[in-house]
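Take the sequence shown: its letters are residues 56 to 308, numbered as in my numbering.
Where a beta carbon is used, it is the ideal one built from N, C-alpha and C, also for glycine.
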Amino acid sequence: MPAQHDGQGDREQTDQGVGHAGSLPHLRIEVINVLPHDRSSFTQGLEIAGGTLYEGTGLRGSSLLRAADPASGAGRHEVRLPAEFFGEGITVTGDRIWQLTWQEGVAFERDRASLRELRRVEYPGEGWGLCFDGRRLVMSDGSDRLTFRDPVTFAPLGEVEVTREGSSVDELNELECAGGQVWANVWGSDEIVRIDPTNGQVTAVVDAEGLLPPEQRAGADVLNGIAAVPGTDEFLITGKNWPSMFRVRFVPA
């Protein structure tokens, strides 16, 4: 999704603030390590698989898919999307990678080893975030809904409305499937929500406010990018045009 505007993030944090009372578990971020991140990357998707960090970026004319070292962030190789496409979320399915586009209604299927384009599949509406739960693709489109898709054909298999204590959660963005749950950045805010995909209910809220130090805020855009570290309870998280990635745990607030 494009850059934050009109103070929307501040409004969302006021209206749906992490500190509000309620039965919903609230989590905070415990930083384990700080890693470098390419500040030119308008991050849209982040995933670790097979010892490689994959990152998809946006903006027309500069969207790309990059394979990098997850420990250092150093790029190994990358491919650029045609200039007319605004890249969005990505996910790995076996030896393939799917990459969404924002308003072009096209998903790119790529060879995971080379990142070479294999085919394009069309879909209606917008593309924001994408993850793979082992059986199905889970896709967001900026609304309060997650769409399930076949990982081979990309055909829709159903959808679920996401709610937080009875209220709809709009602007679901980057997704990560981990532990049977879906973790989602909420665009324009410093929140990450954990979603039960069986019923769409938010089961926890992570407060990531203040993660990026004030001295690094200049030129940085919104929090976006979450990747589970395989074999651990840890995640890599970053944001659009952030100079750092953070290896973190989500712990009780």
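Quiz item: Do the CB positions of glycine 130 and proline 91 come within less than 7 Å of each other?
Solution: For this step, residue 130 is matched to residue 75 along the sequence shown. For this step, residue 91 is matched to residue 36 along the sequence shown. Against a cut-off of 7 Å, the Cβ pair of proline 91 and glycine 130 comes out as no contact.
Self-check item: Boundaries (first-last residue) of the beta strand (DSSP E) holding glutamine 158
Solution: In the sequence shown, residue 158 corresponds to position 103, counting from 1. Here glutamine 158 belongs to no beta strand (DSSP E), and DSSP marks it neither H nor E.
Quiz prompt | Start-end ranges of the beta strand (DSSP E) lying completely within the segment 191 to 277, minimum 3 residues | solution = 192 to 195, 200 to 204, 211 to 216, 227 to 233, 236 to 241, 246 to 250, 257 to 262
Quiz prompt | 8 Å contact criterion, which aspartate 196 and glutamate 172 should meet: CB distance rounded | solution = As a working mapping, residue 196 is identified with position 141 in the sequence shown. As a working mapping, residue 172 is identified with position 117 in the sequence shown. In fact, because the Cβ distance is near 22 Å, the residues do not count as touching under 8 Å.
Exercise. Return helix, strand or coil for phenylalanine 290, following the three-state DSSP convention.
Key: Taking the first residue of the sequence shown as position 1, residue 290 is located at position 235. DSSP places phenylalanine 290 in strand when its eight states are reduced to three.
Quiz prompt | Same chain, Cβ closer than 7 Å to glutamate 214, neighbours up to 5 away in sequence not counted | solution = Indexing the sequence shown from 1 puts residue 214 at position 159. Here the set comprises Arg200, Leu201, Thr202, Phe203.
Quiz item: Hey, tyrosine 109 and isoleucine 87: beta-carbon distance below 7 Å or not?
Solution: For the purposes of this step, residue 109 is taken as the residue at position 54 of the sequence shown. For the purposes of this step, residue 87 is taken as the residue at position 32 of the sequence shown. Not a contact, by the Cβ cut-off of 7 Å.
Exercise. State the start and end residues of the unbroken beta strand (DSSP E) segment that holds asparagine 296.
Key: Here residue 296 corresponds to residue number 241 of the sequence shown, with the count starting at 1. Here asparagine 296 belongs to no beta strand (DSSP E), and DSSP marks it neither H nor E.
Self-check item: Selection from Asp124, Thr156, Ile152, Thr293 that minimises the alpha carbon distance to alanine 168
Solution: Looking up residue 168 in the sequence shown gives position 113. Per the Cα distances, Ile152.
Quiz item: Does the distance from the C-beta atom of valine 89 to that of phenylalanine 290 stay below 7 Å?
Solution: In the sequence shown, the residue the question calls residue 89 occupies position 34. In the sequence shown, the residue the question calls residue 290 occupies position 235. Contact flag unset, no.
Exercise. Would you identify the three-state DSSP class for tyrosine 178, choosing helix, strand or coil?
Key: Along the sequence shown, read from residue 1 onward, the residue named residue 178 stands at position 123. Here tyrosine 178 sits in coil by DSSP.
Quiz item: cysteine 186 and glutamate 231: beta carbons closer than 7 Å?
Solution: Against the sequence shown, residue 186 aligns to sequence position 131. Against the sequence shown, residue 231 aligns to sequence position 176. Yes, the Cβ-Cβ distance between cysteine 186 and glutamate 231 is below 7 Å.
Quiz item: So the beta strand (DSSP E) proline 91 belongs to, where does it begin and stop?
Solution: Residue mapping note: residue 91 aligns to position 36 of the sequence shown, counting from 1. Proline 91 -> beta strand (DSSP E) spans 81 to 91.
Practice problem: Leaving aside the five residues before and after alanine 275 along the sequence, list all residues of the same chain whose C-beta is less than 7 Å from its C-beta, in chain order. | Solution: Numbered from its first residue, the sequence shown carries residue 275 at position 220. Answer for alanine 275: Leu267, Gly294, Asn296, Trp297, listed in chain order.
Quiz prompt | Residue-level contact to chain D via CB, leucine 82, 7 Å cutoff | solution = Considering every chain present, this structure includes no chain D. It has just one protein chain.
Quiz item: Across which residues does DSSP place glutamate 102 in a beta bridge pair?
Solution: Position 47 of the sequence shown, counted from the first residue, corresponds to residue 102. Its beta-bridge partners are Tyr109.
Quiz item: Taking C-alpha atoms, which residue in Asp225, Ala283, Glu229 lies nearest to methionine 194?
Solution: The count along the sequence shown starts at 1 and reaches residue 194 at position 139. Selected option, being the one with the closest Cα: Glu229.
Quiz prompt | Beta-carbon proximity check, phenylalanine 140 vs glycine 113, cutoff 7 Å | solution = Counting from one through the sequence shown, the residue named residue 140 turns up at place 85. Counting from one through the sequence shown, the residue named residue 113 turns up at place 58. Contact flag unset, no.
Exercise. Compute the Euclidean distance between the alpha carbons of threonine 107 and proline 125, then round it to the nearest angstrom.
Key: Taking the sequence shown and counting its residues from 1, the one referred to as residue 107 is at position 52. Taking the sequence shown and counting its residues from 1, the one referred to as residue 125 is at position 70. Distance between the alpha carbons of threonine 107 and proline 125: 6 Å.
Exercise. Ignore the nearest five residues each way along the sequence and tell me which others in histidine 132's own chain have a CB closer than 7 Å to its CB.
Key: As a first step, residue 132 must be located in the sequence shown, where it is residue number 77. These residues qualify, in order along the chain: Ala122, Leu170.
Practice problem: Mind checking which residues open and close the beta strand (DSSP E) that includes glycine 144? | Solution: Position 89 of the sequence shown, counted from the start, is the residue given in the question as residue 144. It spans 142 to 148 - the beta strand (DSSP E) in which glycine 144 sits, taken as one unbroken run.
Quiz item: Quick one: Cα of proline 137 to Cα of threonine 98, how far?
Solution: For the purposes of this step, residue 137 is taken as the residue at position 82 of the sequence shown. For the purposes of this step, residue 98 is taken as the residue at position 43 of the sequence shown. Taking the straight line joining both Cα atoms gives about 17 Å.
Quiz item: What is the rounded straight-line gap between the Cα of alanine 282 and the Cα of serine 117?
Solution: The count along the sequence shown starts at 1 and reaches residue 282 at position 227. The count along the sequence shown starts at 1 and reaches residue 117 at position 62. Taking the straight line from one Cα to the other gives about 22 Å.
Exercise. Kindly list the residues whose CB is nearer than 7 Å to the CB of valine 306, restricted to its own chain and excluding five residues on each side of it in sequence; keep chain order.
Key: Taking the first residue of the sequence shown as position 1, residue 306 is located at position 251. Around valine 306: Leu82, Arg83, Glu85.
Quiz item: Three-state secondary structure (DSSP) at glutamate 164?
Solution: Counting from 1 along the sequence shown, the entry for residue 164 is found at position 109. Strand, per DSSP.
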